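To start, the structure itself, in structure tokens.
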Amino acid sequence: AQSVTQPDIHITVSEGASLELRCNYSYGATPYLFWYVQSPGQGLQLLLKYFSGDTLVQGIKGFEAEFKRSQSSFNLRKPSVHWSDAAEYFCAVGARTGANNLFFGTGTRLTVIP
Amino acid sequence: KAGVTQTPRYLIKTRGQQVTLSCSPISGHRSVSWYQQTPGQGLQFLFEYFSETQRNKGNFPGRFSGRQFSNSRSEMNVSTLELGDSALYLCASSPPGRGYDGYTFGSGTRLTVV
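Here the protein sequences line up with chains A and B, keeping their order. Counting from 1 along the first sequence, just add 134 to a position and that's the residue number in our numbering. Counting from 1 along the second sequence, just add 32 to a position and that's the residue number in our numbering.
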């Protein structure tokens with residue numbers, strides 16, 4: 135069965151500090167991988183996605199993620215966090231063939247302190 | 033270009049009632065998917081509609097149903113509401129030829145069942 139694990143429910147970082155959000159997945163085959171961000175009261179905004187090729191993916195707002203097949207991981211990183219990055223972050227996976235929907239992790243809430 | 037519009041934004045219903053939520057996709061998008069977001073279960077896929085046909089369905093009881101109109105607008109209906117149906121309901125639309133990798137999410141409808 136497919137599953138996506140985000141082990142950190144809540145992370146607090148200081149503004150300007152680096153950030154890494156963890157995501158591990160369990161899937162029959164290498165899925166497509168996504169990171170979304172959700173601000174309070176809002177829908178989901180796509181940060182970046184990995185389909186194939188270079189395992190380091192660049193996204194919007196200065197985020198990047200690295201796909202590691204051996205670890206079934208797709209961790210999200212940002213070198214310097216801004217106060218506006220405070221939000222909830224979701225990792226998601228989708229099948230390369232078949233079902234046309236995403237499976238989401240439970241999310242990591244990011245708090246940024248001045 | 034207008035985004036995905038969900039109405040209403042907030043809704044309070046009584047247990048046992050039914051409710052209808054609406055989603056207007058981005059112009060030209062023909063696929064609409066629905067997700068339920070709760071603190072306990074996270075984001076879960078409900079169903080996907082394409083060209084007025086349900087193309088994919090998640091693991092929800094029959095009380096949850098949907099439909100899509102010829103203009104691609106979609107509605108979802110929940111009958112005999114239960115307290116556990118309280119959630120943020122998100123819809124996402126995709127352009128032709130793209131599935132979940134082309135998602136644009138709406139801001140959601142917050143349903144509270146009392």
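Virtual Cβ for every residue (Gly too), placed ideally from N, Cα, C. Only a predicted model underlies this, so the values are computations on that prediction, with no experimental measurement involved.
Have a look at residue i and residue j and give me their C-alpha separation to the nearest angstrom.
| i | j | result |
| --- | --- | --- |
| Val-227 of chain A | Leu-155 of chain A | 16 Å |
| Asp-188 of chain A | Lys-202 of chain A | 11 Å |
| His-61 of chain B | Tyr-81 of chain B | 11 Å |
| Arg-95 of chain B | Gly-177 of chain A | 24 Å |
Going by DSSP, name the residue or residues bridged to residue i.
| i | result |
| --- | --- |
| Gln-49 of chain B | Gln-49 of chain B pairs with nothing; no bridge assigned. |
| Asn-209 of chain A | A:Glu-200 |
| Ile-58 of chain B | For Ile-58 of chain B, which the question treats as bridged, DSSP gives no partner whatsoever. |
| Leu-113 of chain B | DSSP lists no partner for Leu-113 of chain B. |
| Gln-192 of chain A | A:Glu-198 |
| Gly-228 of chain A | A:Tyr-166, A:Leu-236 |
Between residue i and chain B, is the shortest Cβ-Cβ distance under 7 Å, so that the two count as touching?
| i | result |
| --- | --- |
| Ala-233 of chain A | yes |
| Thr-244 of chain A | The question names Thr, but residue 244 of chain A is Leu in the sequence shown. Taking Cβ atoms only, chain B never reaches closer than 7 Å to Leu-244 of chain A, which makes this a no. |
| Phe-238 of chain A | yes |
| Gly-228 of chain A | yes |
| Gln-176 of chain A | yes |
Please list, in chain order, all residues of the same chain as residue i whose beta carbon is under 6 Å from its beta carbon, the five residues on each side excluded.
| i | result |
| --- | --- |
| Pro-213 of chain A | Ser-152 |
| Gln-136 of chain A | Tyr-161, Phe-237 |
| Phe-185 of chain A | Tyr-166 |
| Lys-45 of chain B | Val-51, Leu-113, Val-145 |
Would residue i count as contacting chain A if we go by Cβ distances under 7 Å?
| i | result |
| --- | --- |
| Asn-91 of chain B | no |
| Tyr-81 of chain B | no |
| Leu-143 of chain B | no |
| Tyr-132 of chain B | yes |
| Ser-59 of chain B | no |
| Phe-101 of chain B | no |
| Ser-14 of chain B | The requested residue 14 of chain B does not occur in the structure, where chain B is confined to residues 33 to 146. |
Rounded C-beta distance between residue i and residue j? I'm assuming under 8 Å.
| i | j | result |
| --- | --- | --- |
| Val-145 of chain B | Leu-120 of chain B | About 13 Å; that fails the 8 Å criterion. |
| Tyr-107 of chain A | Leu-180 of chain A | The structure shown has nothing for residue 107 of chain A, since chain A only spans 135 to 248. |
| Val-36 of chain B | Phe-101 of chain B | About 15 Å separates the two Cβ atoms, so there is no contact after all. |
| Ser-139 of chain B | Val-64 of chain B | Contact doesn't hold; Cβ gap of about 15 Å is too wide. |
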